[in-house]
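Participant: Pasting in a structure now, in structure tokens, and then I'll have a few things to ask.
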Amino acid sequence: MLYNHSGINDFSKNKMHNNKLKQLILKNKNLYLTISSDKVENDNDFLNAVASALNNGVQIIQLKDKHSSPKRIVELGRKLRELTSLFDALFFINGRADIAYALDTDGIHLEEDDLCIHTVRTILGNNKIAGISAKNSQQLSEAIKENADYITISDNLIDKIPLLKMPYFLEPDNIENLNLLIKQGIRRFALNEDILKTNPDILQKLRQN
Numbered sequence: 046m047l048y049n050h051s052g053i054n055d056f057s058k059n060k061m062h063n064n065k066l067k068q069l070i071l072k073n074k075n076l077y078l079t080i081s082s083d084k085v086e087n088d089n090d091f092l093n094a095v096a097s098a099l100n101n102g103v104q105i106i107q108l109k110d111k112h113s114s115p116k117r118i119v120e121l122g123r124k125l126r127e128l129t130s131l132f133d134a135l136f137f138i139n140g141r142a143d144i145a146y147a148l149d150t151d152g153i154h155l156e157e158d159d160l161c162i163h164t165v166r167t168i169l170g171n172n173k174i175a176g177i178s179a180k181n182s183q184q185l186s187e188a189i190k191e192n193a194d195y196i197t198i199s200d201n202l203i204d205k206i207p208l209l210k211m212p213y214f215l216e217p218d219n220i221e222n223l224n225l226l227i228k229q230g231i232r233r234f235a236l237n238e239d240i241l242k243t244n245p246d247i248l249q250k251l252r253q254n
């Protein structure tokens with residue numbers, strides 16, 4: 046059996062090009078926000094809050110919803126897709142490769158019990174961004190092994206940052222930790238909506254730094 050080596054080489058080159066492009070895109074994004082939609086009572090209020098966050102410097106929105114129906118997530122996801130496009134921000138879905146595919150999101154964020162990155166890339170294609178949460182050293186090692194495009198890393202792993210070759214976003218456990226990290230010169234954060242709700246001025250503070 047003869048193999049088309051030129052085809053294999055072209056595939057490898059395209060994959061390498063996609064990886065470099067994704068790294069370049071993520072390198073210029075410093076502020077990441079995870080939002081939950083399973084308790085949204087008013088879509089307009091929800092979208093206005095997201096628009097405000099985008100207007101104040103958030104560059105990546107991750108939609109996380111573990112309880113709503115796929116139909117509901119897609120419905121709201123379409124609106125978020127349009128909104129993030131207006132701000133030239135990235136839009137990720139948490140965990141659901143099927144919904145990420147349906148919405149043609151910029152990428153997907155995976156947690157411990159989700160599909161592995163290899164499977165997700167088979168579904169979405171290698172041009173889509175795939176990130177992983179790392180809350181302990183074992184998860185961090187697995188994320189590196191799976192060649193994640195980026196990692197959201199818990200603040201208890203801050204000493205591991207120098208070992209990372211891919212983009213990262215540090216997840217502060219609370220506002221006190223976030224303020225300490227800002228003083229230490231950290232500028233790449235993955236925030237959750239609870240921090241924003243209790244500290245509405247934090248985005249402006251991050252922009253000033």
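If you're matching positions, the sequence shown starts at 46 in the numbering used here and goes up one per residue. For glycine and all other residues, C-beta sits at the position ideal for the given N, C-alpha and C.
What's the gap between the Cα of G140 and the Cα of K205?
Facilitator: Computed Cα separation, rounded: 25 Å.
Participant: Helix, strand or coil, according to DSSP, for A94 in the structure here?
Facilitator: Note: A94 maps to helix in three-state DSSP.
Participant: With H, G and I counted as helix, E and B as strand and the rest as coil, what does DSSP make of F136?
Facilitator: DSSP places F136 in strand when its eight states are reduced to three.
Participant: Going by DSSP, name the residue or residues bridged to G122.
Facilitator: Answer is none; G122 lacks a bridge partner.
Participant: Return the Cβ separation of L209 and I220 in integer angstroms, given the expectation that the two are a contact with Cβ distance under 8 Å.
Facilitator: 24 Å between Cβ atoms; not a contact.
Participant: Would you be able to state if there are at least three C-beta pairs under 8 Å between the segment 229-249 and the segment 79-87?
Facilitator: Flag = yes, the segment 79-87 and the segment 229-249 touch.
Participant: Quick one: what's got a C-beta closer than 7 Å to N172's C-beta in the same chain, skipping five residues either side?
Facilitator: Excluding positions up to five away in sequence, the list reads N63.
Participant: Which full runs of the beta strand (DSSP E) of 3+ residues lie inside the segment 177-242, going along the chain?
Facilitator: The qualifying runs are 195-199, 213-216 and 234-237.
Participant: If contacts are defined as beta-carbon pairs under 8 Å, then V119 and L148 qualify, I think. What distance do you get, rounded to the angstrom?
Facilitator: 6 Å between Cβ atoms; contact.
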